[in-house]
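These protein sequence lines map, in sequence, to chains R and L. All letters in the first sequence, in the order written, are residues 1 to 403 by this note's numbering. All letters in the second sequence, in the order written, are residues 404 to 806 by this note's numbering. Idealized CB from N, CA, C, for every residue including glycine.
There are 2 protein chains.
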Amino acid sequence: MEATGLIVEYNPFHNGHVYHIKEAKKATNANCTIAVMSGSFLQRGEPAIIDKYHRTKAALKSGIDIVLELPYAFAVQNSDIFAHGAVLTLHEIGVSSICFGSESGRISPFLNSYKTYIDKNDLFNTALKMGLAEGKSFPEASRDAYQKIELTSGEIDLSKPNNILGFSYVKAILNNGLPIEPITIKRTNNNFHDQTISSDIASATSIRKRLIEHDVLEAKTEQTMPKETAVQLQAYKNTASFWHHWELYFPILHYRVMTMSTEELAMIHGVDEGLEHRIKKTAIEATSFNQWVTMIKTKRYTWTRIQRLFVHLLTNTTKAEIATFIKLPSVPYVRVLGLNQTGQHYLNKRKKEMEIPILSNIKRNAPPLLKLEERASNAYYSVLSPEARIQAIKQEFKGPVIN
Amino acid sequence: MEATGLIVEYNPFHNGHVYHIKEAKKATNANCTIAVMSGSFLQRGEPAIIDKYHRTKAALKSGIDIVLELPYAFAVQNSDIFAHGAVLTLHEIGVSSICFGSESGRISPFLNSYKTYIDKNDLFNTALKMGLAEGKSFPEASRDAYQKIELTSGEIDLSKPNNILGFSYVKAILNNGLPIEPITIKRTNNNFHDQTISSDIASATSIRKRLIEHDVLEAKTEQTMPKETAVQLQAYKNTASFWHHWELYFPILHYRVMTMSTEELAMIHGVDEGLEHRIKKTAIEATSFNQWVTMIKTKRYTWTRIQRLFVHLLTNTTKAEIATFIKLPSVPYVRVLGLNQTGQHYLNKRKKEMEIPILSNIKRNAPPLLKLEERASNAYYSVLSPEARIQAIKQEFKGPVIN
């Protein structure tokens, strides 16, 4: 059997994702489709709108054979660390290709850009460092460094966030010398950051926005997703009584900051360059999550960067912990969130060749990376009623979702 | 001018307290009455029903001239540490006597018991240690140790909680060799732990219980307190929308435990003897504060002890911090929460003789003991709405309450 890998968040799973899976199957000989998915929190530093199990169920009904969890330590990170963790996970599970979306749908520009990037690596790194030293944000400094080595004017424009993510996947494969073919699929449209739903192919951002604002599942929203996503969104809401978003976490996040010293705050992953003082100072007058981030935000500290550090604060994740995990040369386990029969066949064969364990639930003596995952889920579910929370957390100790 | 000191919680201020102040004035030549009062959290490990400023206002209207804050580090502690902090504070402010309530109203039994306690100190300490080693709770082991040196069958029975507190005051005065006369006043009745209101002299416990359960101020409750207490209770509730009690803090307390490692939990003051494992284990199924404490409670770990450690957990107070503070030979400052003109005259004279500062508000570079106080208040107010919380916290940075 041959498998292809997708790197996803499915927050929530929508029509664009259906298209991506179909095209990935067309573009490869794979008879098994494996998605590695963020868990409770997402790359841009947000709680997932519904939990990972409900997102897994939706994916399994729409063409994915195995859903793996991207460990928290890689998931809530910049694109390079995110890609590194996702690619290493897919490598362990034995995919022969990874399919990702891009504007052009052509892989050669990514490969050519990688060659330039390696050839001019010293120049790139110097420009990046200088940019950061000048007080630029990381995305801004990266963009300028890509410009310096002429990767913003060629075949792919590495000042565009989507291209940067794709380029991170290519870098992770090639940097690690992995036997994985990078494949890219043309996006159906380029509405990645659209704020409103305008057709049945809509951005996840616009879908989430409408769900949270209207607090019900309307026809306009349902048209953008497979039926199963709507089922899972509704099922999760029936027990949780809401869809997750940052404002729900504001009281506990704020409480934490108000009872921590600046020294403790500075130990949290992502709280760098004296940001602890800015967070403490603004906390006194903060009345909502969005208002608080607005107060902290500057040219240098982007909204996403602040959201990410707030996730790490919420989950009590320190710099020391993350440093240990992201230095690992490979992932210590692969965690299966869910699978179907095809996935089961694939895994039965694959596991004989693997040197690391395939896990599904959290057990006693779980590896530290999985203990961190448990803590992240505990934080994620902390806004539920006690009864709903007890039910939700139990899933972490059960087997995978079976479709 | 001569001052007498009272050690109080005023949670809330009631008719029994009015009687205590009157009798204290009769029993001394004092023309200034100074109360040292717990702040946001109380000796038995509970949030105060209304904040310290509203409790201060009530006290100033009913015969107290100066209200001092008992620092958090001493307030939420066993009776010996509580008494030590309170007596040291009253000593710095220059009281010549301390008046406390007791069953008998006679001081000689306390002084005689102290003599026996010193004479048989080795025997007492050995018995106490043995009791604890056998798995008895601290109160139980103390009671048995007092029995061993025959202090439970004489003039005062040191197996009674009230007598133990009075005895702690006497010990703190005499151990520290302070020029303070201990005076005791006969309690009006011995209903200290009554659960229901049966007359206009009722226990603070029964008053709080009725306030929380009925959520309104009724005539039956009002009869137990001076008018000013009713005014302050209502004023606080008008802004906070509730009277404080433990259940309000359950979600954030629970969240904290769910995102802490057992190692971090074991660093919290009061989490001893592997209790961190018990707390973590029970957290999974906990649905309310009271149910959770019931799950943790054993013969050895009393309800009060668990409540106290939960306060320290809520305020993020570590063993290391507390160890520094309670080893201090004297208090580093005296904090005035409120005063009247008599109090002001007294302080003007007294401050010339003092070697430590008299503070009222929290400023930059506050001493660590006061920084801890600020953190405790932040935790206390964390259950308020953002708007009410901002207003409440501002008081910490203002001057004292003036009557």
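Length of the line joining the Cα atoms of residue i and residue j
i                      : j                      : result
residue 588 of chain L : residue 453 of chain L : 27 Å
residue 580 of chain L : residue 510 of chain L : 17 Å
residue 671 of chain L : residue 721 of chain L : 4 Å
residue 311 of chain R : residue 783 of chain L : 24 Å
residue 266 of chain R : residue 309 of chain R : 11 Å
residue 576 of chain L : residue 566 of chain L : 15 Å
residue 104 of chain R : residue 159 of chain R : 15 Å
residue 831 of chain L : residue 737 of chain L : With chain L running from 404 to 806 in the structure shown, residue 831 of chain L is simply not present.
residue 764 of chain L : residue 442 of chain L : 13 Å
residue 572 of chain L : residue 674 of chain L : 26 Å
residue 411 of chain L : residue 690 of chain L : 33 Å
residue 290 of chain R : residue 247 of chain R : 7 Å
residue 762 of chain L : residue 473 of chain L : 13 Å
residue 111 of chain R : residue 224 of chain R : 33 Å
residue 326 of chain R : residue 302 of chain R : 22 Å
residue 605 of chain L : residue 744 of chain L : 30 Å
residue 436 of chain L : residue 283 of chain R : 38 Å
residue 809 of chain L : residue 373 of chain R : Within the shown structure, residues of chain L are numbered from 404 to 806, placing residue 809 of chain L beyond reach of any answer.
residue 463 of chain L : residue 481 of chain L : 27 Å
residue 684 of chain L : residue 388 of chain R : 18 Å
residue 376 of chain R : residue 495 of chain L : 48 Å
Residue i CB to nearest heavy atom of the ligand NAD below 7 Å
i                     : result
residue 70 of chain R : Here there are no bound small molecules, and the ligand NAD is not part of this structure.
8 Å Cβ cutoff, residue i in contact with chain R
i                      : result
residue 809 of chain L : Since the first residue of chain L shown is 404 and the last is 806, residue 809 of chain L is not available in this structure.
residue 628 of chain L : no
residue 413 of chain L : no
residue 658 of chain L : yes
residue 671 of chain L : no
residue 453 of chain L : no
residue 793 of chain L : yes
residue 655 of chain L : yes
residue 496 of chain L : no
residue 559 of chain L : no
residue 796 of chain L : yes
8 Å Cβ cutoff met for residue i and residue j
i                      : j                      : result
residue 116 of chain R : residue 149 of chain R : yes
residue 440 of chain L : residue 413 of chain L : yes
residue 180 of chain R : residue 96 of chain R  : yes
residue 501 of chain L : residue 467 of chain L : no
residue 796 of chain L : residue 741 of chain L : no
residue 447 of chain L : residue 415 of chain L : no
residue 735 of chain L : residue 759 of chain L : yes
residue 703 of chain L : residue 539 of chain L : yes
residue 534 of chain L : residue 525 of chain L : no
residue 378 of chain R : residue 718 of chain L : no
residue 491 of chain L : residue 408 of chain L : no
residue 42 of chain R  : residue 336 of chain R : no
Exposed unless 16 or more other CB atoms sit within 10 angstroms - verdict on residue i
i                      : result
residue 219 of chain R : exposed
residue 603 of chain L : exposed
residue 349 of chain R : exposed
residue 798 of chain L : buried
residue 74 of chain R  : buried
residue 52 of chain R  : buried
residue 294 of chain R : exposed
residue 429 of chain L : exposed
residue 800 of chain L : exposed
residue 619 of chain L : exposed
residue 767 of chain L : exposed
residue 632 of chain L : buried
residue 214 of chain R : exposed
residue 460 of chain L : buried
Residue i at chain L interface by Cβ criterion, 8 Å
i                      : result
residue 37 of chain R  : no
residue 296 of chain R : no
residue 258 of chain R : yes
residue 98 of chain R  : no
Next item on the list: Could you run through the stretch 271-291 of chain R and flag, in chain order, every residue whose CB is less than 8 Å away from some CB of chain L?
Entry: Using a CB distance below 8 Å, the part of the stretch 271-291 of chain R facing chain L consists of 284, 285, 286, 287, 288, ordered along the chain.
Next item on the list: Output, in sequence order along the chain, the residues in the stretch 762-791 of chain L whose CB is closer than 7 Å to any CB in chain R.
Entry: Of all residues in the stretch 762-791 of chain L, those with a C-beta nearer than 7 Å to a C-beta of chain R are 778, 781, 782, 785, 789, 790, reading in chain order.
Notebook entry, point to check: Which residues, taken in chain order from the stretch 303-321 of chain R, show a beta carbon closer than 8 Å to some beta carbon of chain L?
Noted result: Flagged, chain order: 314, 315, 316.
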